[in-house]
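Student: Provided herewith is a single structure, encoded as structure tokens, for subsequent inquiry.
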Amino acid sequence: MQKPHRHNAVALDLVIFAPKGKCYTLIGEDLDENGIIQSPIRFDWKSDAAFTTPLDMWHSHRNESENDDAWILPIQDAGLSLHERLYDIQFADDEWKHLKDKHVIKSIIY
4 MQKPHRHNAV
14 ALDLVIFAPK
24 GKCYTLIGED
34 LDENGIIQSP
44 IRFDWKSDAA
54 FTTPLDMWHS
64 HRNESENDDA
74 WILPIQDAGL
84 SLHERLYDIQ
94 FADDEWKHLK
104 DKHVIKSIIY
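For the sequence shown, the numbering used here gives the first residue as 4, with consecutive numbering after it.
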């Protein structure tokens, strides 16, 4: 499960493979005091399909399969704008700092 996050970059996700009925994205406008998306809309993934996440909406990508990985290819229009810090990328908590320190993620510029 990916913790909720939001950004004002367009994100187009190409679903390469998703175990049927097990993968989805929750989308909503607000978080509660625990960082959980309030009244989310659920979008189920389908293999060989694509979806976008609305700008500035909290969202969380999830895979409930115990045995199968899901594969998505995210495409964003961030590029130079991300480097210039024009996008307002926000996370529900500070977990990303730990991941960045461990070099799990290298592309977030903060």
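Where is the CB? At the ideal position from N, CA and C, for every residue including glycine.
Looking only at its own chain, which residues have a Cβ that is under 7 Å from the Cβ of aspartate 96, when we skip the five neighbours before and after it?
Tutor: Lys6 and Gly38.
Student: For leucine 15, is the classification buried or exposed, using 16 other Cβ atoms within 10 angstroms of its Cβ as the cut-off for buried?
Tutor: That one is exposed.
Student: Within its chain, find whatever has a CB closer than 7 Å to the CB of lysine 23; leave out the 5 residues flanking it on each side and keep chain order.
Tutor: Within the same chain, lysine 23 has no close Cβ partners at all.
Student: Quick one: give me the first and last residue of the beta strand (DSSP E) that serine 63 is part of.
Tutor: It spans 61-66 - the beta strand (DSSP E) in which serine 63 sits, taken as one unbroken run.
Student: DSSP three-state call for tryptophan 48: helix, strand or coil?
Tutor: Note: tryptophan 48 maps to coil in three-state DSSP.
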